[in-house]
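Working notes, beginning with the structure itself.
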Amino acid sequence: MIVALTGQKGGVGKSTLAIGIAAEMLLRRHKVLLVDADPQGTVRTWGEVAAEAGQPLPSIVSMGSTMHRPEQLPTVRLGYDDVIIDCPPRHGDIQRSALMVADFALLPCGPSSADAWALAASIDLINEARALRPELEVRIVITRKQGRTALGRSAREELAKSGIDLMKIEIGYRVAFAESLGAGQGVTAYAPRDAAAAETRALVSELLLWEKKHRASEAGAQPDQVGRRR
Ligand SMILES: Nc1ncnc2c1ncn2[C@@H]1O[C@H](COP(=O)(O)OP(=O)(O)OP(=O)(O)O)[C@@H](O)[C@H]1O
Ligand SMILES: [Mg+2]
């Protein structure tokens, strides 16, 4: 599947989650392509640190606002099970391109109501993409959550009003995320017993379960079409 980490706001945890998800899929022996679509190059830098530290890492390529073109990601992805795209904040053209090829768009969002309000600009882009591609799955994932605060609960209610579904799993505010990147690892390999790793594994499982159900419903529709063609 192709998962794009998107959102107009900076510093919400897109790159951290993109790397954490890609590295966990790699641990599960998937063939993973990690696309760095951010000129800041967080993913590329992480890849260099990982290579220098001798850590296993997914294939990493840089792509921009033309990644949706047939000769770009749709061709490059053929050798891989999964593709994770780390989008830059603000660059609407790059996010649009990612949303043209993604199966699943994940929008990380902080746990406060202010974070929820800041999502408005991202939701415009998402709705534009969904108008063109109704099959695009979009979910918000709450990140950097601190404790079971009332703030966290109100954010969930606030976000539900956006018309975009939320992932069941919520990601806490945990230092292991930042540490793992510095060590050139994904958080599930860096600190497997940390809550950050448990949350990342649960996030990946939720994504893969969606994919399984999605493929099953596609396959359910197909024999009928084949039958009709015969
Ligand atoms: N769940 C988390 N818990 C604690 N710190 C986090 C978490 N997620 C991200 N961070 C930290 O927040 C900062 C921003 O994260 P990150 O670079 O992943 O965000 P981003 O959305 O990719 O930012 P940008 O928009 O600039 O690309 C980093 O210092 C990162 O270590
Ligand atoms: Mg980033």
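Residue numbers for the sequence shown follow our numbering, beginning at 29 and rising by one. Where is the CB? At the ideal position from N, CA and C, for every residue including glycine.
- The nearest non-hydrogen atom of ligand 2 is less than 7 Å from the C-beta of Q68.
- R105 and E227 have their C-alpha atoms spaced approximately 27 Å apart.
- Around S90, the same chain offers D64 as residues with beta carbons nearer than 6 Å, after the five sequence neighbours per side are excluded.
- With a cut-off of 8 Å on Cβ pairs, the segment 159-172 is in contact with the segment 180-198, counting three or more such pairs.
- Not a single heavy atom of ligand 1 lies less than 7 Å from the C-beta of F132.
- Ligand 2 approaches S43 closely enough that one of its heavy atoms is under 7 Å from the residue's Cβ.
- Taking 8 Å as the cut-off, the beta carbon of Q68 is found no closer than this to the beta carbon of S150.
- Between P136 and T171 the beta-carbon gap is near 5 Å, inside 8 Å, which marks them as a contact.
- In this structure, DSSP gives L85 a state outside helix and strand, which the three-state scheme calls coil.
- For P102, there is no enclosing beta strand (DSSP E); the residue is found in the alpha helix (DSSP H) stretching over 101-104.
- Setting aside the 5 residues that flank it on each side, L237 has no residue in the same chain whose C-beta is closer than 6 Å to its C-beta.
- Closest option to V203, judged by alpha-carbon separation, among G41, V31, A32: G41.
- Fully contained in the segment 164-234 are the following alpha helix (DSSP H) runs of length 4 or more, in chain order: 178-188, 203-210, 215-218.
- Residue burial is scored here from C-beta neighbours: K173 has at least 16 other C-beta atoms within 10 angstroms and is therefore classed as buried.
- Proximity of the segment 50-57 to the segment 123-137 falls short of the contact definition, fewer than three beta-carbon pairs being nearer than 8 Å.
- In the structure shown, V71 adopts helical secondary structure according to DSSP, grouped into three states.
- The residue from G175, P139, A81 with its alpha-carbon nearest to that of A188 is P139.
- Here T44 is buried, its C-beta having at least 16 other C-beta atoms within 10 Å.
- With a cutoff of 7 Å, D114 counts as near ligand 2, since its C-beta is closer than that to a heavy atom of the ligand.
- Placement of the Cβ of V40 at a distance of less than 7 Å from at least one heavy atom of ligand 1 is found.
- For the pair of segments examined, the segment 233-248 was found not to touch the segment 78-85: the number of CB pairs separated by less than 8 Å stays below three.
- With 16 or more other Cβ atoms from the protein chains shown falling within 10 Å of its own Cβ, T216 counts as buried.
- For A133, the enclosing beta strand (DSSP E) covers residues 132-137.
- Under the DSSP assignment, A65 falls outside any alpha helix (DSSP H); it carries neither an H nor an E label.
- In this structure, the straight-line span from the alpha carbon of V71 to that of L209 is close to 9 Å.
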